[in-house]
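Novice:
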């Protein structure tokens, strides 16, 4: 690295008024047209931000405000006039004069297909937002056949990249498999995983920098995994639960929630949400306590909270068992 | 980075394999870029990547083990599960399929046992996607791990030959010159040395005009070289046909450092043209890369060769070593103060890594997943720096442009497709191989050059451009083989695969193999491609066994909708073209009974 511009710290600061620094360049505004409306947004904004700024609701699955866009789910695709393919609104930035259509036939078809392809291969029963999108785009996943029964435990984790079994005419291939329960705090139900990469990002540089999980395998056999599928207890996991916080489908779930759902006692209509400050250290993270029948059943943190950006540590996320003891 | 490891420890051999590569790591660069070379070293030494070996590699390269596992588990030629040291990869892709690959696999099942089995733990076999050895169809690559790792190519062998090679016995290797039926003919440009000049001798290369273009380029200066490449109207030969001069010019004013990457990850089924250059004229590629690096201001080049091309890799390694020792690579090339060097990366069995941004991720030691564009590699490429990435064939045109001048180059071919082109003929032709012809040659002329239709002698269909290309019929033989000519015919030139099928071939089997290929080779990142390629194969399979979900017509509607979503919404060219050959066949031929 060049040291040419490094400040010389040995010279004393000259007396008199300090040099005036040039003011920061004001962000320029870029004008584009979305669905016939002219929209002016700051340079560098994404098409998603631009659309949202005028109240156009663009569906997203792999996008979250507190994570780097990975643009893999492709449900946010929009049509940019002049572009050969559709473009992901979550990560494509505005360019002056762009003409964007967010509800054209092409856009609707791709969005519907994304939903159908996912719902025909993944259990989306605990993903209310996903189901709302299915209604909006009239998605009919059953067109692709009956999803295949759960794979024997470990089979999906032993896939061979570049190889697969010939399809079964009676079934649509699916990621169904048994739930991974290897610790007291949360479960991993990868039969519900849409592979949005959010948990990997939260475990990695976007939040926790722990890198306990990554995407392994390839193609339809790609999956979230620890190294060699070792249990979380043998992995680098620190149980911050930030992966659960960002999971859009309930594939990653508090063990408390999972067990209540299994027992049939999970009832969101009976739950209240109360914001408080975590009592453990001096950082001051906001906790949202989800309470049912006077018991804490789940803890989250608001995405727009300046201290946490939605992320917590093991204490804030899971250290409330003692409150429930009476 | 504070990394956590399981208790698994490496063996002495595993440790030595990793340490052998670790010596290459430069203090000032990324360590992670050596992840793929390290994984190869372990695979080649042991035959698989054990938890202890992966832990050790991760520790040395400071990569989280979960991520290193994700990378190792991405590639078809690396194994994260224990497997025998000798593995035969039997190509059953389309070109080999019509030449008896399925029969060979059936014979292997009888002789050796089912795919993946091993009675004694020493050898096994797998079906493989296209090995790029289509003129030897059915082709087999036998890789044996050990202290002295070995690989053998087998041209249309019997099962017993495969078994013999798996047991370590050397089988006579096919001769390269048979890949170029035109060898020695006057008028060849790109192929003129292949099979004629010793590919290992730098002196022979120089004696046949080698490095004249480099001298000329240095005399011209970088700007003038780019001007000539622009004037030549050279477009990329990898399949996308992007103007090379425009790409080079795009990096000219960007900040340093910049990188030059040569894409030799040729994996499109039926494509063999780059292999023939890598094996037959390696110094020409080195010279071309130096000129490209000089013109674009890149001091470091990377050459990414597909893992199925061991001979190509050896030839290129030798050529680069020779050039380095003789002052054609390094800090002061030709004594003119030009600085450029080349590092080789070997792919590990992933078609997707031929996609330029996936290739960059692979070099960086990440999973070979494509990046969303923009930004383009010329803006944000390798290690986040401006990067020029060109295909092998694109680059080897450059010395000719430098010596002849751009305008003279542009006078060859047609207005929209300039220069000569390497065509890969396989399938039912009498003399399969790589042919050079000026753009504008018709499909009929190419088939004639290759000795006409073999097999039954009666042509049913021709696949142009590979699995990502399109089928045309016997009435389309006057298509001019140019980018614009194939486009006008509703096809694509792609990587210039020309694969005719005789009338005895069951096209349904070919389409199923193509669908299976894309399902295997999708990286899995984006939904339309990851699930779409699965659904595409399922629909074809149901049509094939006569068990449609609704009606055959309903299945075709579904197939087209999946195709459109993949084309419109996938991240990269793999998903965007995964349905094109299949849809083109359904549109032209009564494949599943109904009218096209």
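Chains as they are written, first to last, in this note's numbering: chain V, 194 to 519; chain A, 97 to 692.
We put the CB at the ideal spot given by N, CA and C, even for glycine.
Note that the structure is a prediction, hence the values are computed from the model and not measured.
1) The beta strand (DSSP E) spanning residue 419(A) covers which residue range?
2) How would you label residue 509(V), buried or exposed, when you count the other beta carbons within 10 angstroms and need 16 or more for buried?
3) Indicate whether the contact test is met: 3 or more Cβ pairs, each with one atom in the segment 631–638 of chain A and one in the segment 227–234 of chain A, closer than 8 Å.
4) Identify every run of the alpha helix (DSSP H) within the segment 459–507 of chain A, keeping only runs that are complete inside it and at least 4 residues long; order them along the chain.
5) Return the first residue and the last residue of the beta strand (DSSP E) that residue 185(A) is part of.
6) Have a look at residue 548(A) and residue 193(A) and give me their C-alpha separation to the nearest angstrom.
7) Can you tell me whether residue 458(A) sits near the ligand SAH, meaning its C-beta is under 8 Å from at least one heavy atom of the ligand?
8) Under 9 Å between the Cβ atoms of residue 506(V) and residue 391(V)?
9) Express the C-alpha separation of residue 423(V) and residue 423(A) in angstroms, rounding to a whole number.
10) Is residue 413(V) close to chain A, meaning its C-beta is less than 9 Å from at least one C-beta of that chain?
11) Would you kindly work out how many angstroms separate the C-alpha atoms of residue 451(A) and residue 668(A), rounded to a whole number?
12) Measure the C-alpha to C-alpha separation of residue 387(A) and residue 495(A) and round it to an integer number of angstroms.
13) I need the DSSP call for residue 556(A), collapsed to helix, strand or coil.
14) Is the CB of residue 332(V) under 9 Å away from at least one CB in chain A?
15) Any beta carbon of chain V sitting closer than 9 Å to that of residue 631(A)?
16) Identify, in the order they occur along the chain, each residue of the same chain with its Cβ nearer than 7 Å to the Cβ of residue 299(V), setting aside the five sequence neighbours on each side.
17) So, do the segment 377–390 of chain V and the segment 124–137 of chain A have three or more beta carbon pairs nearer to each other than 8 Å?
18) Mapping the DSSP letters down to three states, classify residue 203(A) as helix, strand or coil.
19) What are the boundary residues of the alpha helix (DSSP H) that includes residue 321(V)?
20) Please report how far the alpha carbon of residue 444(V) lies from the alpha carbon of residue 635(A), in whole angstroms.
21) Just verifying my parser: in three-state terms, what is the DSSP assignment at residue 511(V)?
22) Helix, strand or coil for residue 446(V)? Go by DSSP, reduced to three states.
23) Does residue 420(V) have its Cβ less than 9 Å from a Cβ in chain A?
24) For residue 392(A), which of 354(A), 363(A), 360(A) has the nearest alpha-carbon?
25) Between the segment 606–627 of chain A and chain V, which residues of the former have a C-beta closer than 8 Å to a C-beta of the latter?
26) Measuring CB to CB, does residue 570(A) end up less than 9 Å from residue 523(A)?
27) Using alpha carbons as the reference points, say which of 254(A), 255(A), 222(A), 643(A) lies closest to residue 239(A).
28) Would you say the segment 311–326 of chain A touches the segment 441–461 of chain A, given that touching needs at least three Cβ pairs under 8 Å?
29) Closer than 9 Å, CB to CB, is residue 590(A) near chain V or not?
30) Roughly how far, in whole angstroms, is the beta-carbon of residue 271(A) from the beta-carbon of residue 250(A), given that I think they are within contact range, below 8 Å?
31) Contact check, residue 643(A) vs residue 360(V) under 8 Å by CB: the rounded distance?
32) Do residue 364(A) and residue 563(A) come within 9 Å of each other at the CB atom, strictly closer than that value?
33) Let me check understanding here. Comparing Cα to Cα, which of 451(V), 364(V), 333(V), 317(V) lies closest to residue 340(V)?
34) Say whether the segment 413–430 of chain A touches the segment 152–161 of chain A, bearing in mind that this needs 3 or more beta-carbon pairs closer than 8 Å, one atom from each stretch.
35) Give the C-beta separation of residue 167(A) and residue 461(A) to the nearest angstrom, bearing in mind that I take them to be a contact with Cβ-Cβ under 8 Å.
36) Per DSSP, what kind of secondary structure is residue 221(A) in: helix, strand or coil?
Specialist: The structure says:
1) Segment 406–421 is the alpha helix (DSSP H) holding residue 419(A); no beta strand (DSSP E) there.
2) Under this definition residue 509(V) is a buried residue.
3) Contact between the segment 631–638 of chain A and the segment 227–234 of chain A is absent, because fewer than three Cβ pairs lie under 8 Å.
4) Along the length of the segment 459–507 of chain A, whole alpha helix (DSSP H) runs at least 4 residues long occupy 488–492, 494–500, 502–506, reported in chain order.
5) Counting along the chain, the beta strand (DSSP E) containing residue 185(A) begins and ends at 182–187.
6) Whole-angstrom Cα-Cα distance: 19 Å.
7) Absence of the ligand SAH is noted for the structure shown, with no ligands found whatsoever.
8) No, these two residues do not count as a Cβ contact at 9 Å.
9) Straight-line measurement puts the Cα of residue 423(V) at about 50 Å from the Cα of residue 423(A).
10) Flagged as an interface residue toward chain A: residue 413(V), by a C-beta distance shorter than 9 Å.
11) When rounded, the distance between both Cα atoms is 8 Å.
12) About 8 Å.
13) Three-state DSSP puts residue 556(A) in a strand.
14) No, because no Cβ of chain A sits closer than 9 Å to the Cβ of residue 332(V).
15) At a cut-off of 9 Å, the C-beta of residue 631(A) has a neighbouring C-beta in chain V.
16) Answer for residue 299(V): 272, 279, listed in chain order.
17) Proximity of the segment 377–390 of chain V to the segment 124–137 of chain A falls short of the contact definition, fewer than three beta-carbon pairs being nearer than 8 Å.
18) Note: residue 203(A) maps to helix in three-state DSSP.
19) Per DSSP, residue 321(V) belongs to the alpha helix (DSSP H) from 321–329.
20) Rounded to the nearest angstrom, the two C-alpha atoms are 28 Å apart.
21) It is helical.
22) In this structure, residue 446(V) counts as strand in the three-state DSSP scheme.
23) Yes, because at least one Cβ of chain A sits closer than 9 Å to the Cβ of residue 420(V).
24) Of the candidates 354(A), 363(A), 360(A), 354(A) places its Cα closest to the Cα of residue 392(A).
25) Listed by position along the chain: 612, 615, 616, 617, 618, 619, 620, 621, 622, 623, 624, 626, 627.
26) Not in contact: residue 570(A) and residue 523(A) (Cβ atoms no closer than 9 Å).
27) In terms of Cα proximity to residue 239(A), the closest of 254(A), 255(A), 222(A), 643(A) is 222(A).
28) The segment 311–326 of chain A, when compared against the segment 441–461 of chain A, does not touch it at the 8 Å Cβ threshold.
29) Answer no: the Cβ-Cβ gap between residue 590(A) and chain V never drops below 9 Å.
30) Incorrect: roughly 13 Å between the Cβ atoms, too far for contact.
31) Contact doesn't hold; Cβ gap of about 11 Å is too wide.
32) Yes.
33) The shortest Cα separation from residue 340(V) among 451(V), 364(V), 333(V), 317(V) belongs to 364(V).
34) Judged by pairs of C-beta atoms under 8 Å, the segment 413–430 of chain A does not touch the segment 152–161 of chain A, as fewer than three such pairs exist.
35) Taking C-beta atoms under 8 Å as the contact rule, residue 167(A) and residue 461(A) qualify, at a distance of about 7 Å.
36) DSSP places residue 221(A) in the strand class (E or B) of the three-state scheme.
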